[in-house]
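Notes for the one structure printed next.
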Ligand code: PSU
Ligand code: MN
């Protein structure tokens, strides 16, 4: 069998040297934006991480190899290619065995980041408990992953395409700290506040790093959600966005959309209903989260926190 897992040399060297590295996912880029916008977003993420003093490590699947630290051309291949799989935990082995290209979700990116020894990962929004869960049992694998894999995920909360109160309950059950970054409520992606209180708050990157370090020192194996509201000027009108989301959830139900197709379907409908606005906000918050994630990794390095040891026998 071909190599199923690979860490780019530059990323491996940085991790070994204890230098700050931020993992980045590819599903939000490849399935969240049409090309060529997806390429601009990828470049923006790369630049933000570097400007904040860390090394970016995009994660994705290239012809069946789960790769940490994609080259620019490889990110472009996933961002513009057709037939790129959306790969979550349950899809990793199939993608590897069949030699497919795939963009990794939050769950799959966490797995790869942890295996590489990267402690912090930036994304847009995490998956969660879907509205109508009583009938569908649709709960994103992202939540289970957060419950079992010790990677801190910097995000703008979750979109209200989800059932946010139930998403918070689920994270509580799985023992995942949800930490407001300079906020007391869960951000809801396009808007800065959901009105749902978060259990913990940090006011800067140093405080976030201390919390991550304490979680590790205690030997707790859950991930951490660092919930960072999008920049003030980028927030969308809450009434308008809620209407777009209601419409999207209704049409998904009518069309019988479920499983892994549901999240991308809802995101497309919301983008359609808001014109370019939702995409602009999405791009801005991704880049903003990448900068904060880099600040946190720099602070972690300052605390002398080692990345997780590299697993044996990988090349
Ligand atoms: N939520 C967003 N934007 C996204 C996603 C979720 O606001 O791009 C993507 C992420 O990659 C996330 C995945 O991990 O969708 C969750 O999909 P599912 O609900 O099928 O687990
Ligand atoms: Mn699902």
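Numbering (my numbering), first residue to last: 857 to 1171. For glycine and all other residues, C-beta sits at the position ideal for the given N, C-alpha and C.
Can you look up residue 986 in the DSSP assignment and give me helix, strand or coil?
When secondary structure is reduced to three states using DSSP, residue 986 falls in the strand class.
So residue 862 is in the alpha helix (DSSP H); what residue range does that whole segment cover?
Per DSSP, residue 862 belongs to no alpha helix (DSSP H); it is in the beta strand (DSSP E), 861-863.
Going by CA-CA distance only, name the one from 1064, 1142, 1147 that's closest to residue 889.
1142
For ligand 2, I want to know if residue 848 counts as a neighbour, meaning its beta carbon is within less than 6 Å of at least one of the ligand's heavy atoms.
No information on residue 848 is available, as it lies outside the stretch 857 to 1171 that the chain covers here.
Tell me whether residue 938 is buried or exposed, calling it buried when 16 or more other Cβ atoms sit within 10 Å of its Cβ.
exposed
Any chance you could list the beta strand (DSSP E) runs of at least 3 consecutive residues sitting entirely within the stretch 1017-1070, in chain order?
1034-1037, 1056-1058
Just to confirm, is the Cβ distance from residue 1083 to residue 1042 under 7 Å?
yes
Length-filtered (4 minimum) alpha helix (DSSP H) runs lying within the stretch 916-944
The alpha helix (DSSP H) runs lying completely inside the stretch 916-944 and spanning 4 residues or more are 928-936, given in chain order.
Check the C-beta distance from residue 925 over to residue 1008 and give it rounded, since I have them as a contact under 8 Å.
With a Cβ gap of about 19 Å, residue 925 and residue 1008 do not count as contacting.
Within 10 angstroms of the Cβ of residue 1034, are there 16 or more other Cβ atoms? Answer buried if so, exposed if not.
buried
Kindly provide the ranges of any beta strand (DSSP E) runs that are 3 or more residues long and lie completely inside the stretch 1094-1118, ordered along the chain.
none
Near residue 992, which residues of its chain fall below 8 Å by C-beta distance, leaving aside the five closest residues on each side in sequence?
986, 1114
Can we count residue 884 as close to ligand 1, meaning its CB is less than 6 Å from some heavy atom?
For ligand 1, at least one heavy atom lies less than 6 Å from the Cβ of residue 884.
For residue 983, verify whether its CB is less than 6 Å away from any heavy atom of ligand 1.
yes
Does the beta-carbon distance from residue 885 to residue 913 come in below 7 Å?
No, they are not a contact pair.
Contact test: residue 1188 Cβ vs ligand 1 heavy atom, cutoff 6 Å
Outside the displayed range of the chain (857 to 1171) lies residue 1188, so it cannot be described from this structure.
Bridge partners - residue 1082, DSSP secondary structure assignment
1010, 1035
Under 8 Å Cβ to Cβ from residue 1014, same chain only, skipping five residues before and after it: list those, please.
981, 982, 983, 984, 1020, 1023, 1042, 1044, 1045
Do residue 895 and residue 932 have their C-beta atoms closer together than 7 Å?
yes
If you draw a straight line from the alpha carbon of residue 1059 to that of residue 1110, how long is it in whole angstroms?
43 Å
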